[in-house]
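1 is the number of the first residue of the sequence shown in the numbering used here; add one for each residue after it.
Written out below as structure tokens is the structure these notes cover.
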Amino acid sequence: MTSRQPTHAALWPLRFISIEAVSGVVLLAAAALALIWANSPWSQSYEALWQVRPGLGVAGLIPPQDLRFWVNDGLMSVFFLVVGLEIRREMHRGVLSDLKVATLPIVAAAGGVVLPALLYLLANGDPATRRGWAIPTATDIAFAVGVLSLIGRSAPAALRMLLLTLAIIDDVVAILVIAFYYSGGVAAAGLLVIAAGVIAVLLLQWLGVRAALAYLLPGAVVWIGMLRAGLHPTLAGVLLGLMTPASSEFGRRRAAPAPQRADSPLVRLEARLHPWVAFAIMPLFAMANAGVSLTGVTSGAAASHAVGVGIVAGLVLGKPLGIVLASVAAVRLKLCQLPEDVRWPQMALLGLLGGIGFTMSIFIANLA
């Protein structure tokens, strides 16, 4: 009798836990290094590095951009692709396959957007500063996941899924706010490019194409379309991740795949990309964005300034309270339910993690 070789689907949860446990440490170490570098005598070299323009660009579509752009908008699209894959997997046969559980992070995200914005507006009566109401509403998904990963196995997997889904919704809301409130709206031509890329992906899936490289070009088209539309291009990663087949049988011919491809495209792609995201892309993101200069910043000045008070109140108080109170109300009204292995103290932790705004808040603050 021959023994069946274990598939990636069976082994992946164990690999995932071990990768997550270490990647959180690497992420925070990279962030600490960036912060020290940016406040050292060599701070000019830190900014100079990320302002280097490597000459990458597509004539007429993408002008040459600096390294920080290619990390934040390029490489982080792969991070968001993996996040989209994780959410798609859980929607297929995981914690998010239950509609009432899947609705919970949507409601929680709504509470986590509304209450911080209200607290900011209460602290800022000046119309000039009220424009920054969206600053405390977003969650920095990379750093929130990094902090959660430090907790390790004591945090249930369902809590991570709730955090990922909540943070994605938060970021989508922030991106829409940027597009419609701080910018000139969404460009229709960009939406047409996105639609063309999505149709190409769907066509390849209908034909049963399994080679990941075949999806690279239409994926790039979706990414460029997001950029041209005035939306953050990392949304392309989420969209493509959610579109990835979660079953090994897909396309017009639903015949069983070859034994070496028994795992679904989703499982195979996630297994290949996750280590690169955890140990290369996320630390690079931290290095590129955590180097905030603290020169001239004093706690007294920040606390007395209405904008600072509004941001701190929104992120530290409004975000956790909004997430938890909205979740409690929805569960009590039987609109949603907690996953089986998640309790209210862990939801409070989720609220605190949601208050890690960091790079998204800085980005919105610069626009406001």
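We put the CB at the ideal spot given by N, CA and C, even for glycine.
Original post:
From which residue to which residue does the alpha helix (DSSP H) around F180 run?
Top reply: Position 180 of the sequence shown holds residue 180. Unbroken run through F180: none, as it is neither H nor E.
Original post:
Of the choices Y215, T165 and D140, whose alpha-carbon is the least far from that of G84?
Top reply: Walking along the sequence shown from the start, residue 84 turns up at place 84. Ranking the options by Cα distance to G84, first place goes to T165.
**OP:** Return the chain-ordered list of same chain residues with a C-beta closer than 7 Å to the C-beta of T244, the five sequence neighbours on each side being excluded.
**Re:** The count along the sequence shown starts at 1 and reaches residue 244 at position 244. Closer than 7 Å at Cβ, skipping near neighbours: L85, R88, P265, L266 and L269.
Original post:
Between A236 and V222, is the Cβ-Cβ spacing less than 7 Å?
Top reply: Numbered from its first residue, the sequence shown carries residue 236 at position 236. Numbered from its first residue, the sequence shown carries residue 222 at position 222. Contact: yes.
**OP:** Could you pull out every residue in the same chain whose Cβ sits closer than 6 Å to the Cβ of G314, ignoring the five residues on either side in sequence?
**Re:** Here residue 314 refers to the residue found at position 314 when the sequence shown is read from its first residue. So the list reads P116, L119, Y120 and P136, once near-sequence residues are dropped.
**OP:** In angstroms with no decimal places, state the Cα-to-Cα distance between A301 and V309.
**Re:** On the sequence shown, position 301 is the one that residue 301 refers to. On the sequence shown, position 309 is the one that residue 309 refers to. Caution is warranted here: a pLDDT of 48 is assigned to A301, below 50, making its placement in the model unreliable, and the coordinate value is therefore given only provisionally. If you take the alpha carbons of A301 and V309, they lie about 10 Å apart.
**OP:** Label R160 either buried or exposed according to how many other C-beta atoms from any shown protein chain fall within 10 Å of its C-beta, with 16 as the threshold for buried.
**Re:** Reading the sequence shown from its first residue, position 160 is the one you call residue 160. Looking at its Cβ environment, which holds 16 or more other Cβ atoms inside 10 Å, R160 is buried.
Subject >> Which of helix, strand or coil DSSP assigns to I106 >> reply: Here residue 106 refers to the residue found at position 106 of the sequence shown. Correct three-state label for I106: helix.
Subject >> Inter-residue spacing [alpha-carbon to alpha-carbon] between Q51 and Q44 >> reply: Start at 1 with the first residue of the sequence shown, and residue 51 comes out as number 51. Start at 1 with the first residue of the sequence shown, and residue 44 comes out as number 44. So the two alpha carbons sit approximately 11 Å from each other.
**OP:** On a CA-only basis, which of V25, A38, V22 and I168 is nearest L294? Give me that one, please.
**Re:** Along the sequence shown, one-based indexing puts residue 294 at 294. Of the candidates V25, A38, V22 and I168, the one whose C-alpha sits nearest the C-alpha of L294 is A38.
Original post:
Comparing alpha-carbon positions, which option in V201, Y181, L202 and L163 lies nearest V324?
Top reply: Counted from its first residue, the sequence shown places residue 324 at position 324. It is L163 whose Cα lies nearest to the Cα of V324.
Original post:
Who are the near neighbours of S304 in its chain, counting only those whose CB is closer than 8 Å to its CB and skipping five residues on each side?
Top reply: As a first step, residue 304 must be located in the sequence shown, where it is residue number 304. Only weak support is given to the placement of S304: the predicted model assigns it a pLDDT of 48, under 50, and the question is left unresolved by the model.
Original post:
What do you reckon, are the CB atoms on T234 and M91 nearer than 7 Å?
Top reply: Position 234 of the sequence shown, counting from 1, holds the residue named residue 234. Position 91 of the sequence shown, counting from 1, holds the residue named residue 91. No, these two residues do not count as a Cβ contact at 7 Å.
Original post:
Is the beta carbon of G146 sitting closer than 7 Å to the one on G241?
Top reply: Sequence index remark: in the sequence shown, residue 146 carries index 146 (1-based). Sequence index remark: in the sequence shown, residue 241 carries index 241 (1-based). Their beta carbons are not under 7 Å apart, which means G146 does not touch G241 by this criterion.
**OP:** List the endpoints of the continuous alpha helix (DSSP H) containing W344.
**Re:** The sequence position of residue 344 within the sequence shown is 344, counting from 1. Note, W344: alpha helix (DSSP H), W344 to G354.
Subject >> Neighbourhood of N124 by C-beta distance below 6 Å, restricted to the same chain and skipping five residues each side >> reply: Indexing the sequence shown from 1 puts residue 124 at position 124. So the list reads R130, A306 and G310, once near-sequence residues are dropped.
**OP:** Decide if V342 is buried, meaning its Cβ has at least 16 other Cβ atoms within 10 Å, or exposed.
**Re:** Here residue 342 refers to the residue found at position 342 of the sequence shown. Classification of V342: buried, given that the 10 Å Cβ count is 16 or more.
Subject >> G398: first and last residue of the uninterrupted alpha helix (DSSP H) it sits in >> reply: In the structure as shown, the chain begins at 1 and stops at 368. Residue 398 is therefore absent and cannot be evaluated.
**OP:** Give the straight-line distance between the Cα atoms of I17 and F69, rounded to the nearest whole angstrom.
**Re:** Position 17 of the sequence shown, counting from 1, holds the residue named residue 17. Position 69 of the sequence shown, counting from 1, holds the residue named residue 69. Its pLDDT being 46, under 50, I17 is placed unreliably in this model, and the coordinates cannot settle the point.
Subject >> Beta-carbon separation (whole angstroms), I362 vs L227, contact threshold 8 Å >> reply: Taking the sequence shown and counting its residues from 1, the one referred to as residue 362 is at position 362. Taking the sequence shown and counting its residues from 1, the one referred to as residue 227 is at position 227. The pair is not a contact, with the Cβ atoms about 20 Å apart (cut-off 8 Å).
Original post:
Taking buried to mean at least 16 other C-beta atoms within 10 Å of its own C-beta, is D140 buried or exposed?
Top reply: Position 140 of the sequence shown, counted from the start, is the residue given in the question as residue 140. The residue is buried, with at least 16 neighbouring Cβ atoms inside 10 Å.
Original post:
Unbroken alpha helix (DSSP H) runs of length 4 or more, entirely within the region 160-216: which are they?
Top reply: 188-206
Original post:
So the alpha helix (DSSP H) P41 belongs to, where does it begin and stop?
Top reply: Residue 41 sits at position 41 when you count from the first residue of the sequence shown. Where P41 is concerned, there is no enclosing alpha helix (DSSP H), given that its DSSP letter is neither H nor E.
Original post:
Would the beta-carbon of L216 fall within 7 Å of that of I175?
Top reply: As a first step, residue 216 is located in the sequence shown; it is residue number 216 there, counting from the start. As a first step, residue 175 is located in the sequence shown; it is residue number 175 there, counting from the start. No, Cβ-Cβ distance for L216 and I175 is not below 7 Å.
**OP:** Drop a sphere of 10 angstroms on the beta-carbon of L350, count the other beta-carbons inside from all chains shown, and report buried for 16 or more, exposed for fewer.
**Re:** Mapped onto the sequence shown, residue 350 falls at position 350. Buried is the call here.
Original post:
Roughly how many angstroms lie between the CA atoms of A29 and L284, to the nearest whole one?
Top reply: Counting from 1 along the sequence shown, the entry for residue 29 is found at position 29. Counting from 1 along the sequence shown, the entry for residue 284 is found at position 284. Their Cα atoms are separated by approximately 11 Å.
Original post:
DSSP beta-bridge partners for I323?
Top reply: In the sequence shown, the residue the question calls residue 323 occupies position 323. I323 pairs with nothing; no bridge assigned.
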